[in-house]
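Participant: Residues 301 to 606 (my numbering) make up the sequence shown, in order. For each residue, glycine too, the CB sits at the ideal point set by N, CA and C.
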Amino acid sequence: MENKIYDTIIIGGGPAGYTAALYAVRAGFTTLVMEKFSAGGQMTQTHIIDNYPGFDEGIDGFTLGYKMQMGAERFGAQTLQTEVLEADLKAVPKKITTDAGEYYAKTVIIATGADHKHLGFAEEEALTGRGVAYCAACDGMMYRGKRVAVIGGGNSAAADALLLSKICEKVYIIHRRDTMRAEKIYYEPLTKAQNIEFVWNSRLEGFIHDQKVKGIKIKKNDGSTDEIEVEGVFISIGRDPVSKLFADQLETDEKGYIKADETTKTSVEGVFAIGDVRTKAVRQIITAAADGAVAVHFAQEYLARI
């Protein structure tokens with residue numbers, strides 16, 4: 301594959317990336333997907349996905365990612381498991397340097413996603429999917445009728461708490477301050493929800509667990525400690541876009557997301573940003589997939605001009 305000039309190189313093999321790959325190869329593009337880990341991206345951390353159409357009994361994230369990869373490869377997309385080390389997006393052709401060598405493309409579609417911020421506890425990763433979660437829309441139904449805690453005080457924490465309040469028995473919001481940082485639009489519904497309880501001036505100190513979460517330990521700002529019995533802990537302290545590799549070449553917003561509107565076009569011609577890495581209002585599997593289809597449409601227009 302080395303030294304070949306592809307019509308498009310897609311960096312990232314999540315739902316955005318593999319949808320773009322599917323549409324690209326069906327449009328006649330020579331297409332290479334570069335993925336550091338396994339197909340599916342963040343959704344591989346989700347044990348059951350119930351909000352992606354077509355799977356009436358749900359599907360686990362790893363299987364959905366694999367199916368997306370197979371669907372694109374069925375029509376001729378190629379996958380290279382590699383880490384991208386450098387990208388010259390303004391070169392002609394565009395040059396991608398990886399730990400497997402250098403690759404060239406007429407267009408580049410960036411689908412590197414965004415990572416949920418973690419709290420850094422030693423057992424946090426091991427408990428992910430076993431009581432620790434990062435997306436209420438993805439994993440909330442696993443905790444229907446149960447007691448859960450939301451960690452955070454921003455918009456994502458507020459939105460997660462409201463969603464969970466509709467399906468869970470009890471929702472605790474753990475926040476280190478005495479008021480939410482979320483926008484005011486959230487205040488009234490949060491305070492009106494009878495099953496939401498605020499735990500102010502407190503921070504998570506650890507998990508009570510065996511194989512699964514059974515509760516949390518919290519420490520208050522006055523130094524006192526407490527334990528709360530919950531079966532789920534949603535860590536909602538924001539996300540970090542995986543965009544540092546491109547930040548010196550593409551325009552980004554104040555949080556590091558690549559600036560790209562609904563056309564998915566970036567500040568560099570022939571470069572498109574899709575899925576969670578771009579500026580957008582809603583970050584879900586289905587919106588990421590939609591971005592992939594849109595990007596290929598505009599990549600076709602670009603290729604027709606050069």
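Can you name the start and end residues of the alpha helix (DSSP H) that F362 belongs to?
Facilitator: G361 to R374
Participant: Give the straight-line distance between the Cα atoms of I396 and T319, rounded to the nearest whole angstrom.
Facilitator: 21 Å
Participant: Can you give the Cα-Cα distance for R481 and F498, rounded to whole angstroms?
Facilitator: Looking at the two C-alpha atoms, the distance is approximately 13 Å.
Participant: What's the call for K484, buried or exposed, on a 16-neighbour Cβ count within 10 Å?
Facilitator: exposed
Participant: Work out the CA separation of V533 and A599 for me, nearest whole Å.
Facilitator: 41 Å
Participant: The beta strand (DSSP E) spanning L385 covers which residue range?
Facilitator: Note, L385: beta strand (DSSP E), V384 to D388.
Participant: Distance check for K304 and Y602, CA to CA, integer angstroms please.
Facilitator: 20 Å
Participant: Using a Cβ-Cβ cut-off of 7 Å (strictly less than) and excluding sequence neighbours within five positions of L364, which residues of its own chain qualify?
Facilitator: G340, M343, I349 and Y352
Participant: Count the other CB atoms within 10 Å of the CB of G312; is the residue buried (16 or more) or exposed (fewer)?
Facilitator: G312 is classed as buried because its beta carbon has at least 16 other beta carbons within 10 Å across all chains shown.
Participant: Residues in the same chain with beta-carbon distance under 7 Å from I260, minus the five sequence neighbours each way, listed in chain order, please.
Facilitator: Not covered by the structure: residue 260. The range shown for the chain is 301 to 606.
Participant: Whole angstroms are fine: how far does the CA of Y403 sit from the CA of M301?
Facilitator: Only weak support exists for where M301 lies, its pLDDT of 48 falling under 50; the value from the coordinates is given anyway. Cα to Cα, M301 sits roughly 8 Å from Y403.
Participant: Would the beta-carbon of T270 fall within 7 Å of that of D399?
Facilitator: Only positions 301 to 606 of the chain appear in the structure, and residue 270 is not among them; the question remains open.
Participant: Between which two residues does the beta strand (DSSP E) holding A449 run?
Facilitator: R447 to I451
Participant: I need the DSSP call for K491, collapsed to helix, strand or coil.
Facilitator: The question names Lys, but residue 491 in the sequence shown is Thr. Residue state, collapsed to three classes: helix.
Participant: Could you say which of V530, D553 and E531 lies nearest to D540 if we only look at CA atoms?
Facilitator: D553
Participant: Looking at the secondary structure, which residues open and close the alpha helix (DSSP H) in which G523 lies?
Facilitator: Where G523 is concerned, there is no enclosing alpha helix (DSSP H), given that its DSSP letter is neither H nor E.
Participant: Are the Cβ atoms of T564 and D526 separated by less than 7 Å?
Facilitator: Going by C-beta atoms, T564 is not nearer than 7 Å to D526.
Participant: Starting from Q600, trace the alpha helix (DSSP H) in both directions and tell me its first and last residue.
Facilitator: I585 to R605
Participant: Could you give the first and the last residue of the continuous alpha helix (DSSP H) run that contains A581?
Facilitator: Neither: A581 is in no alpha helix (DSSP H) and is coded neither H nor E.
Participant: Assign M370 to buried or exposed, taking buried as 16 or more other Cβ atoms, counted over all protein chains shown, within 10 Å of its Cβ.
Facilitator: Under this definition M370 is an exposed residue.
Participant: For the stretch 322-336 against the stretch 423-435, are there 3 or more C-beta pairs whose distance is under 8 Å?
Facilitator: No, the stretch 322-336 does not touch the stretch 423-435.
Participant: Candidates A377, T346 and G328: which alpha carbon is nearest A321's?
Facilitator: Ranking the options by Cα distance to A321, first place goes to A377.
Participant: So, with DSSP's three-state summary, where would you put Q342?
Facilitator: helix
Participant: Taking the alpha carbon of E488 as the point to measure from, which residue in R605, A458, I586 and I508 has its own alpha carbon closest?
Facilitator: Nearest C-alpha to E488: A458.
Participant: Have a look at K550 and T566 and give me their C-alpha separation to the nearest angstrom.
Facilitator: It is Leu, not Lys, that sits at residue 550 in the sequence shown. When rounded, the distance between both Cα atoms is 7 Å.
Participant: Any idea if G523 is buried or exposed, counting beta-carbon neighbours within 10 angstroms, 16 or more meaning buried?
Facilitator: exposed
Participant: In the DSSP output, what is A316 paired with across the bridge?
Facilitator: The partner list for A316 (beta bridge, DSSP) is empty, contrary to what the question assumes.
Participant: Looking at the structure shown, is I473 part of a helix, part of a strand, or coil, going by DSSP?
Facilitator: strand
Participant: Work out the CA separation of S456 and I537 for me, nearest whole Å.
Facilitator: 7 Å
Participant: Return the residue from the list K406, D388 and G431 that minimises the CA-CA distance to V596.
Facilitator: K406
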